[in-house]
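Participant: Residue numbers (the working numbering), protein chains in the order written: chain G, 242 to 462; chain V, 242 to 462.
Number of protein chains: 2
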Amino acid sequence: MSSSEAPAGPPSVRTTVRRIAERASYDPASAHAILDEGLVCHVGLVTDDGPVVIPTLYARDGDRLLLHGSVASRLLRGATDGPVCVTVTLVDGLVLARSAFHHAVNYRSVVVFGQAERIDDPEEKRAALDVLVEALVPGRTADARRPNDVELRQTAVLALPLHEVSVKVRDGGAKDEPEDLDLPVWAGVLPLPVVPGAPVPDTLQPADLPVPPYVLDYRRR
Amino acid sequence: MSSSEAPAGPPSVRTTVRRIAERASYDPASAHAILDEGLVCHVGLVTDDGPVVIPTLYARDGDRLLLHGSVASRLLRGATDGPVCVTVTLVDGLVLARSAFHHAVNYRSVVVFGQAERIDDPEEKRAALDVLVEALVPGRTADARRPNDVELRQTAVLALPLHEVSVKVRDGGAKDEPEDLDLPVWAGVLPLPVVPGAPVPDTLQPADLPVPPYVLDYRRR
Chain G
242 MSSSEAPAGP
252 PSVRTTVRRI
262 AERASYDPAS
272 AHAILDEGLV
282 CHVGLVTDDG
292 PVVIPTLYAR
302 DGDRLLLHGS
312 VASRLLRGAT
322 DGPVCVTVTL
332 VDGLVLARSA
342 FHHAVNYRSV
352 VVFGQAERID
362 DPEEKRAALD
372 VLVEALVPGR
382 TADARRPNDV
392 ELRQTAVLAL
402 PLHEVSVKVR
412 DGGAKDEPED
422 LDLPVWAGVL
432 PLPVVPGAPV
442 PDTLQPADLP
452 VPPYVLDYRR
462 R
Chain V
242 MSSSEAPAGP
252 PSVRTTVRRI
262 AERASYDPAS
272 AHAILDEGLV
282 CHVGLVTDDG
292 PVVIPTLYAR
302 DGDRLLLHGS
312 VASRLLRGAT
322 DGPVCVTVTL
332 VDGLVLARSA
342 FHHAVNYRSV
352 VVFGQAERID
362 DPEEKRAALD
372 VLVEALVPGR
382 TADARRPNDV
392 ELRQTAVLAL
402 PLHEVSVKVR
412 DGGAKDEPED
422 LDLPVWAGVL
432 PLPVVPGAPV
442 PDTLQPADLP
452 VPPYVLDYRR
462 R
C-alpha cells in the first residue's frame, strides 16, 4: 500500500457522502476502488431484537453490490425486508503518535445504505454468481464448474444499488500536538498489508496439477 | 495462520451462540482469541433511517469490549440509546473448490449483542484508554504521552459486556461434491495473512530515534 512507499506525511481524513449515481466521477471511482479491493463486507439489518451485523462475501457489479448465500439464510431473508447498511473496511496501517490520544489506524471504508432486492431470474442469477466468483479470485470462472440447477436454486442472490454511499479515508502520518513534537517517542506508520501466503493444495488432487497463475499471482489490488 | 502450515484438510464450520459469561471455558477462550487478534470492529446501530454499520477500533478488557471516539461522534452517542451489535471478522484465506458453488473464505468472527454503557469516571476512563492503546500496539502505553484532562473530556469511552456472543469459524480445505473430485481443476486454500510492512518513521523526529521493538516485532497474534 502507498503508505509503505513514502514517509508518513501529514494525515488526512476525508469523508464524502454522496448519492454517487447522481454525482461526478470522483466519488464513484474512489468507492469502487475500495469495494473492489475488499473481500468481506459487514451487512447490518434491523431485527425485532435490535441490530444485527453479519460478515459475508460480496462483489461490485457496476453500480450495485451483489450478496449471496443459502436460501435458508436468515441474513439474506432479512436483508430484503427493510433497509440495510453494508460496510466495507480496509485497514492499511497503524498510526503511532507521540501522544496516546492521537493514535489511529489508516483505513479506507465505504458505507452503503439502501434496499436490497433478490435476483430471481436464473440467467441473471448465474451471471451474478460468476461476478461473485471473479470478485473472489479473478480468472477462476474459466476453471471452476459452474452452478447446476440445484445449486442455483439453493443460492439466494441480492443486489443493492450504490446510490447512497459514504466513503471515508484516513491516511498519512501521525498528527501530534506541536508541544509533543520534541518528546523522545518514536512516531510513524506501520503498514499492515494483506500478503498472500503459499497456496495449500487439496490433498485429493494429483500432486502434479499445477497451481493456476491467478492463485500464484493473487493480489487484492 | 494454521491453514498455511497444513494441507487443506476437511472443512469445518462451527457456530456457537452463547451467553459466554454463564458457560464453560471453551467459548470465552475462542471468542477472546478472535477479539484479541482483531483490530477493527463493525458497530451496528438502529437509527431512524434504518441500520448503520460503522468501523471503529476496539479493545477487549476482560469480559467486556471497549469502544472509544470523539464525544461529538454520532456513533458513540447513538450506541448508548439502544441495543448494539458489534462484529469482528478475521479473514484467514480463500478456499478454491472445484465447483464455483463451494468457493468460500476461511474466517473467524465474533458477534456481540448488547447494551453499551458510557464510562464517565475519569480514572476508569484513563485505564480504558490505556487498554485501547495496548490493544492497538502492545507495549505502547509505556512510551506514549498519556491523555491530559482536555483530551480525556474530548473522548467518549463505551463498554459493552461480552454476555451474548456468537462465534463462527470456517477453516480447512475445499468441500467439493464427490462427482467433482476428478475434475482437472486445482483446489486448495490460499492463506491471506496480514503481514506488517517496514515501519515508516515520521519525518519530524530525529533520524536516529530507534524504532521500538514492539513496532519492529509487531504481530496481530
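Cβ atoms here follow ideal geometry from the backbone N, Cα and C, with glycine treated the same way.
Please read all numbers here as calculations on a predicted model, not as lab measurements.
1) Terminal residues of the continuous beta strand (DSSP E) containing G/Pro-292?
2) Just to confirm the assignment: which complete beta strand (DSSP E) runs, minimum length 3, are found wholly within the region 315-347 of chain G?
3) May I ask you to list, following chain order, the residues of the region 307-329 of chain G that have a beta carbon less than 8 Å from some beta carbon of chain V?
4) My guess is that V/Ile-284 and V/Ile-275 are in contact by the Cβ rule of under 8 Å, so how many angstroms apart are they, rounded?
5) Are the CB atoms of V/Thr-321 and V/Arg-359 nearer to each other than 8 Å?
6) Cβ of V/Val-378 within 8 Å of Cβ of V/Tyr-455?
7) In the DSSP assignment, what residue or residues form a beta bridge with V/Ser-311?
8) Compute the Euclidean distance between the alpha carbons of V/Arg-394 and V/His-404, then round it to the nearest angstrom.
9) With H, G and I counted as helix, E and B as strand and the rest as coil, what does DSSP make of G/His-273?
10) Using a Cβ cut-off of 8 Å (strictly closer), state whether G/Asp-384 contacts chain V.
11) Count the C-beta pairs between the region 296-311 of chain G and the region 397-415 of chain G that are closer than 8 Å, then say yes if the count reaches three, no if not.
12) Could you please tell me which residues of the region 290-304 of chain G, in chain order, have their CB closer than 8 Å to any CB of chain V?
13) On the criterion of 16 or more Cβ atoms from any shown chain inside 10 Å, does V/Arg-411 qualify as buried, or is it exposed?
14) Beta carbon of V/Gly-414, beta carbon of V/Gly-438: below 8 Å?
15) I'd like to know whether the C-beta of G/Val-258 is nearer than 8 Å to at least one C-beta of chain V.
16) Are there 16 or more other CB atoms within 10 angstroms of the CB of G/Arg-462, so buried, or fewer, so exposed?
17) Of the residues that make up the region 432-454 of chain V, which ones have a beta carbon closer than 8 Å to any beta carbon in chain G?
18) Can you tell me whether V/Arg-264 is helix, strand or coil according to DSSP?
19) Measuring straight from C-alpha to C-alpha, what distance separates G/His-343 and V/Asp-371?
20) What do you reckon, are the CB atoms on G/Val-332 and G/Cys-282 nearer than 8 Å?
Facilitator: According to the structure data:
1) 291-302
2) As far as the region 315-347 of chain G is concerned, its whole beta strand (DSSP E) runs of at least 3 residues are 325-337.
3) Gly-323, Pro-324, Val-325, Cys-326, Val-327 and Thr-328
4) With the sequence shown as reference, residue 284 of chain V is identified as Val, and Ile is not the correct amino acid for it. Rounded, the Cβ-Cβ distance is 16 Å, inconsistent with contact.
5) yes
6) yes
7) V/Thr-396
8) A direct Cα-Cα distance of roughly 29 Å separates V/Arg-394 from V/His-404.
9) helix
10) yes
11) yes
12) Listed by position along the chain: Asp-290, Gly-291, Pro-292, Val-293, Val-294, Ile-295, Pro-296 and Leu-298.
13) buried
14) Not closer than 8 Å, so no.
15) Per-residue confidence for G/Val-258 stands at a pLDDT of 47, beneath the threshold of 50, marking its modelled position as unreliable; the derived number appears in the next sentence. With its beta carbon at least 8 Å from every one in chain V, G/Val-258 lies outside the interface.
16) exposed
17) Pro-432, Leu-433, Pro-434, Val-435, Val-436, Pro-437, Gly-438, Ala-439, Pro-440, Val-441, Pro-442, Asp-443, Thr-444, Leu-445, Gln-446, Leu-450, Pro-451, Val-452 and Pro-453
18) Low confidence applies to V/Arg-264: its pLDDT is 36, below 50, so where it sits in the model is not reliable, and the reading given next is rough at best. The answer is coil: DSSP assigns V/Arg-264 none of H, G, I, E or B.
19) For G/His-343 and V/Asp-371, the distance between alpha carbons rounds to 13 Å.
20) no
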